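Below is one structure; the comments refer to it alone.
2 protein chains.
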Amino acid sequence: MANPTNFFNRSETTMEYDPASPELNQEPELLKTVLNKEGFRFTSQRQKILDLFQSAALGHHLNAEEIHQQLLERGEKISFSTIYRALHVMVRLGLLQELELAEGRKYYELNTPFMDQHHHLVCVHCGNVEEFEDATMTQVGSSESTSRGFSLLNCQFTVYGICPSCQSLLG
Amino acid sequence: MANPTNFFNRSETTMEYDPASPELNQEPELLKTVLNKEGFRFTSQRQKILDLFQSAALGHHLNAEEIHQQLLERGEKISFSTIYRALHVMVRLGLLQELELAEGRKYYELNTPFMDQHHHLVCVHCGNVEEFEDATMTQVGSSESTSRGFSLLNCQFTVYGICPSCQSLLG
DNA sequence: ATGGATAGCGAAAATGATTTTCAATAGTCC
DNA sequence: GGACTATTGAAAATCATTTTCGCTATCCAT
Ligand SMILES: [Mn+2]
Ligand SMILES: [Mn+2]
Ligand SMILES: [Zn+2]
Ligand SMILES: [Zn+2]
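So the protein sequences, as listed, match chains S and H.
Position in the first sequence (first residue = 1) + 27 = this note's numbering.
Position in the second sequence (first residue = 1) + 27 = this note's numbering.
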């Protein structure tokens with residue numbers, strides 16, 4: 028394996044989004060290919076975790092706890108250590124995206140091609156998350172990073188506020 | 028005090044940025060006023076912590092650990108519990124801004140009027156953070172939130188990438 | 001100013017998400 | 001099939017942050 032020591036230390040590697048291989052997550056057996064290409068092994072656990080995200084609406088902004096729970100509901104018991112390891116690997120491979128939606132935990136969702144990147148509007152009271160797309164966002168991100176010589180990995184625009192229903196609850 | 032139970036649970040209260048009281052952090056004794064207005068008490072610890080941020084370039088994206096350390100260097104020993112409590116209160120009062128620059132810890136900086144809000148470009152390899160301003164960002168944030176009936180609290184645009192010097196190190 | 005009520009302090013213990021350790025297992029490649 | 005070693009699960013370890021609790025200091029009313 029390429030970098031065994033700090034490998035699991037989040038995306039500290041120069042593994043950028045590869046526009047040449049966009050829909051990998053759709054196909055059933057491609058996971059093995061993607062993993063092996065980078066020296067990882069294909070395992071049933073990793074496939075099941077990815078499956079969870081691919082069954083659309085179900086998955087979407089899942090944290091480790093929710094993944095563990097939803098897998099249990101599907102009759103699959105996968106340890107937390109395995110879940111965390113799989114998430115890191117898939118983020119590294121560009122299959123998943125890690126999100127900081129505030130609160131002390133990380134959320135994950137299927138990664139999308141850079142230009143289709145969406146952003147988030149979070150209610151700090153109830154945790155409700157809405158998504159939106161906006162091309163100017165990604166433009167600003169990429170122009171800002173190239174003008175400083177940064178190689179862009181990804182942008183996150185997160186808007187915090189209070190959703191309509193929480194507003195009425197709080198007066 | 029208004030909401031004793033979940034009070035310290037981050038900014039879950041409807042305490043929006045007040046454009047009428049912008050430069051509070053500049054003045055020396057205003058902290059007491061701001062605290063008392065909301066039922067908090069003025070303490071030397073809170074003043075010293077705020078002082079740290081106000082001595083500009085020194086402070087800027089400080090986490091609890093760094094605050095504790097820099098206070099020690101100034102000969103002030105303030106416990107972590109007090110530091111964390113003070114940070115929460117000051118965020119709640121709009122004096123400080125809490126940032127999620129990735130990595131499992133939170134950073135703080137002096138809050139600025141909404142329209143002057145700046146954003147961050149983070150090197151995921153060395154942690155170097157650069158700031159930039161962009162009006163479109165805040166526009167998109169506010170239009171997006173009003174169009175959904177959210178009451179806006181704040182926006183964070185964070186761009187992740189690899190800085191020039193880390194790029195050369197990594198080949 | 002004085003005094004009572006109680007918010008805030010520090011030290012230590014608790015929490016909770018994530019990471020690591022380690023022996024057993026299972027992909028990959030020959 | 002067999003060697004090599006990445007991956008797994010369970011349990012222990014980390015680490016930032018939060019809570020608890022007895023004591024102190026601030027605030028407000030007298
Ligand atoms: Mn999303
Ligand atoms: Mn900043
Ligand atoms: Zn809400
Ligand atoms: Zn760097």
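Even glycine gets a Cβ: it sits at the ideal position worked out from N, Cα and C.
Computed from a predicted structure; not experimentally measured.
For S192 (chain S), the shortest C-beta to heavy atom distance toward ligand 3 is below 8 Å.
If you check the C-beta of C150 (chain S) against ligand 3, you find a heavy atom less than 8 Å away. Within 10 angstroms of the beta-carbon of T165 (chain H) lie 16 or more other beta-carbons, which makes it buried. Between V186 (chain S) and the set H:G188, H:V167, H:C190, H:T139, the nearest pair of CA atoms involves H:V167. Two segments are said to touch when three or more pairs of C-beta atoms, one from each, lie closer than 8 Å; by this definition the segment 107-120 of chain H does not touch the segment 98-118 of chain S.
In this structure, the C-beta of L126 (chain S) approaches ligand 1 to less than 8 Å from one of its heavy atoms. In the DSSP assignment, G168 (chain S) falls within the alpha helix (DSSP H) that extends over 162-174.
For the 9 Å CB-CB criterion, L120 (chain H) and L180 (chain H) do not form a contact.
The Cβ of N90 (chain S) sits no closer than 9 Å to any Cβ of chain H.
Counting along the chain, E93 (chain H) sits inside the alpha helix (DSSP H) bounded by residues 91-100. Secondary structure of L114 (chain H) (DSSP, three-state): helix. E93 (chain S) is positioned such that its CB atom lies no closer than 9 Å to that of K75 (chain S). Taking the Cα of V118 (chain S) as reference, the smallest distance to any Cα among S:S108, S:L128, S:Y134 is reached at S:Y134. Cβ proximity to chain S below 7 Å picks out F177, S178, L179, L180, N181, C182, Q183, F184, T185, V186, Y187, G188, I189, C190, P191, Q194 from the segment 177-196 of chain H.
By the neighbour-count criterion, in which 16 or more other beta carbons inside 10 Å mark a residue as buried, R73 (chain H) falls on the buried side. In this structure, L148 (chain S) lies near S172 (chain H), with their beta-carbon atoms less than 9 Å apart. Proximity of the beta carbon of C153 (chain S) to ligand 3 is indicated: a heavy atom of the ligand is located closer than 8 Å. At a cut-off of 9 Å between beta-carbon atoms, G66 (chain S) makes no contact with chain H.
Where L126 (chain H) is concerned, the enclosing beta strand (DSSP E) starts and stops at 123-126. Nearest C-alpha to Q144 (chain H) among H:C153, H:V151, H:C150, H:F159: H:F159. The alpha-carbon of T109 (chain S) is positioned some 17 Å away from that of E136 (chain S).
For V156 (chain S), the distance from the CB to the nearest heavy atom of ligand 1 is below 8 Å.
I189 (chain S): member of the beta strand (DSSP E) spanning 178-189, first to last residue.
With a contact defined as Cβ atoms closer than 8 Å, C182 (chain S) and F184 (chain H) qualify at about 7 Å. Look at F141 (chain H): its C-beta is not under 9 Å from any C-beta on chain S.
Rounded to the nearest whole angstrom, the CA to CA distance from N90 (chain H) to A83 (chain S) is 37 Å. Non-local beta-carbon contacts of H152 (chain S) in its own chain, meaning distances under 6 Å to residues more than five positions away in sequence, involve I189, C193 in chain order.
E127 (chain S) places its beta carbon 9 Å or farther from that of G154 (chain S).
Distances between the C-beta of E136 (chain H) and the heavy atoms of ligand 2 include at least one below 8 Å.
For G121 (chain H), the nearest beta carbon of chain S is not closer than 9 Å to its own beta carbon. Distances between the C-beta of H115 (chain H) and the heavy atoms of ligand 2 are all 8 Å or more.
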